[in-house]
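Here is the structure we will look at.
There are 2 protein chains.
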Amino acid sequence: MDGRFKLDNQLCFRLYTASRLITQAYHPLLSQYGLTYPQYLVLLVLWEKDSQPVNDIAKRLMLETNTVTPLLKRMEAEGILTRTQGKKDARQMIVKLTKKGRELQDKLTEVPETVGSSVMCQSVTPETVPGLFRMLDDIIEQLKHNNNESNS
Amino acid sequence: MDGRFKLDNQLCFRLYTASRLITQAYHPLLSQYGLTYPQYLVLLVLWEKDSQPVNDIAKRLMLETNTVTPLLKRMEAEGILTRTQGKKDARQMIVKLTKKGRELQDKLTEVPETVGSSVMCQSVTPETVPGLFRMLDDIIEQLKHNNNESNS
DNA sequence: AATATTTATATCGTTCACGATGCAAATATA
DNA sequence: TATATTTGCATCGTGAACGATATAAATATT
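Sequence order for the protein chains is C and R.
Each residue of the first sequence is one higher than the last, beginning at 1 in the working numbering.
Each residue of the second sequence is one higher than the last, beginning at 1001 in the working numbering.
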């Protein structure tokens, strides 16, 4: 048989595993503040631009609202953010950081670098990372379109 | 502020998104046979080598048994595989494909290529894939050790 | 203006991931 | 051989992901 079905030939398995392991690397850094990795992603989005409707956050993270809504509710329960109905558009829920949510940024300053440096290795260096980013971005862009096409 | 917290600078977010989107690309191909992507990974492992204890499958997929056990039970309920107590070691559960599980390989022949070709794009080509694999493998290897160190 | 369609969000059910914990069989140590 | 430790697997609880579906508000169409 050819190597078609060999696990070691699968790009997806590598992405899946790398993603899981790097999320695990975030865990000890985030859990001391009661955060999960997806919650940290929401914070990244809101730190860049506070006060956004659910949909904008979901789009930025390329997730569906049915994933993001419960996530936001948990963060609201933790006092990290507030969800208030939009004024212009009553369907929208505007998500806004609380003081606690904003202050988390100061407490997590060392997180990006800690994790960033922990993945650096022989073939992953400041020189090669841009190429890696490019390939991953291309794959993401490609799949975003392919996947959308197939449900139309 | 520097770009430390910018979502667009995060390797992990790219891996996480690429992994999710590529799993979604598998979905229409697998769901017609009642399979999920992690279940497909289990099949890849068992097609390579049938009749393995739970632990070997988990190690191959770099997952914990508490993830794999329920997964295998669902596949057992679907009649894809059997779980029988080991003879030499009564703690082990030996996982073996059924006829149905083996025959799935013939039905899924086109899956690897379909997904494989759907990620090919400008910067991801047969020439660049080995480099991508190398970087992902390095990252995985690195994190596997780092993550283990921190719980010891 | 009344009706249809679209949009923004939420709810529900199922399947992972995974930390924490439990338990019994196997192995090591005393 | 009795006791301690390790190993293999399972159970439990929580938080994602996500397909399917629901609901109400906004917009488009008639």
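Even for Gly, the Cβ is constructed at its ideal location relative to N, Cα and C.
Can you check whether the CB of T98(C) is closer than 8 Å to the CB of I80(C)?
yes
Output yes or no for whether 8 Å exceeds the beta carbon distance between A25(C) and L1136(R).
no
On the criterion of 16 or more Cβ atoms from any shown chain inside 10 Å, does K32(C) qualify as buried, or is it exposed?
A quick correction: the sequence has Gln, not Lys, at residue 32(C). By the neighbour-count rule (16 or more Cβ atoms within 10 Å), Q32(C) is not buried but exposed.
Would a check of beta-carbon distances place M1062(R) closer than 8 Å to chain C?
Yes - at least one Cβ of chain C is within 8 Å of the one on M1062(R).
Which term fits Y16(C), buried or exposed, when burial requires 16 or more other beta carbons within 10 angstroms of its beta carbon?
So Y16(C) counts as buried.
Within 9 Å of chain C by C-beta, residues of the region 1009–1029 of chain R in sequence order:
N1009, Q1010, L1011, C1012, F1013, R1014, L1015, Y1016, T1017, A1018, S1019, R1020, L1021, I1022, T1023, Q1024, A1025, Y1026, H1027 and P1028
Could you check which residue in L21(C), K49(C), L61(C) and Q52(C) has the C-alpha nearest to that of Q39(C)?
Nearest C-alpha to Q39(C): L61(C).
For M1093(R), write down the residues that DSSP places opposite it in a beta bridge.
Q1085(R)
Where the alpha helix (DSSP H) containing V1045(R) begins and where it ends
Run containing V1045(R): Y1037 to E1048, per the alpha helix (DSSP H) assignment.
For G1034(R), which residues from the same chain have a beta carbon less than 7 Å from its beta carbon, with the 5 sequence-adjacent residues on both sides left out?
Answer for G1034(R): E1078, listed in chain order.
Closer than 8 Å, Cβ to Cβ, to anything on chain C: give me those residues from the region 1121–1152 of chain R, in chain order.
C1121, Q1122, S1123, V1124, T1128, V1129, G1131, L1132, F1133, R1134, M1135, L1136, D1137, D1138, I1139, I1140, E1141, Q1142, L1143, K1144, N1146, N1147 and S1150: these are the residues of the region 1121–1152 of chain R whose beta carbon lies less than 8 Å from some beta carbon of chain C, given in chain order.
Starting from L108(C) and walking both ways along the alpha helix (DSSP H), at which residues does that stretch end?
Looking at the DSSP string, L108(C) is not in any alpha helix (DSSP H), and its letter there is neither H nor E.
Q1169(R) - DSSP class collapsed to helix/strand/coil
It is not possible to answer for residue 1169(R), since the shown part of chain R is limited to 1001 through 1152.
Nearest chain C C-beta to E1099(R) closer than 8 Å, yes or no?
The question names Glu, but residue 1099(R) in the sequence shown is Lys. Output row for K1099(R): interface = no.
Burial state of P1112(R) (16 or more Cβ within 10 Å):
buried
Are the C-beta atoms of R4(C) and some chain R residue less than 8 Å apart?
yes
Around the Cβ of T1023(R), are there at least 16 other Cβ atoms within 10 angstroms (buried) or fewer (exposed)?
buried
Can you confirm whether S51(C), when its beta carbon is compared against all beta carbons of chain R, has any partner nearer than 8 Å?
no
Applying a beta-carbon distance threshold of less than 7 Å, which residues of chain R neighbour P112(C)?
Against chain R, the beta carbon of P112(C) has neighbours under 7 Å at R1004 and F1005, listed in chain order.
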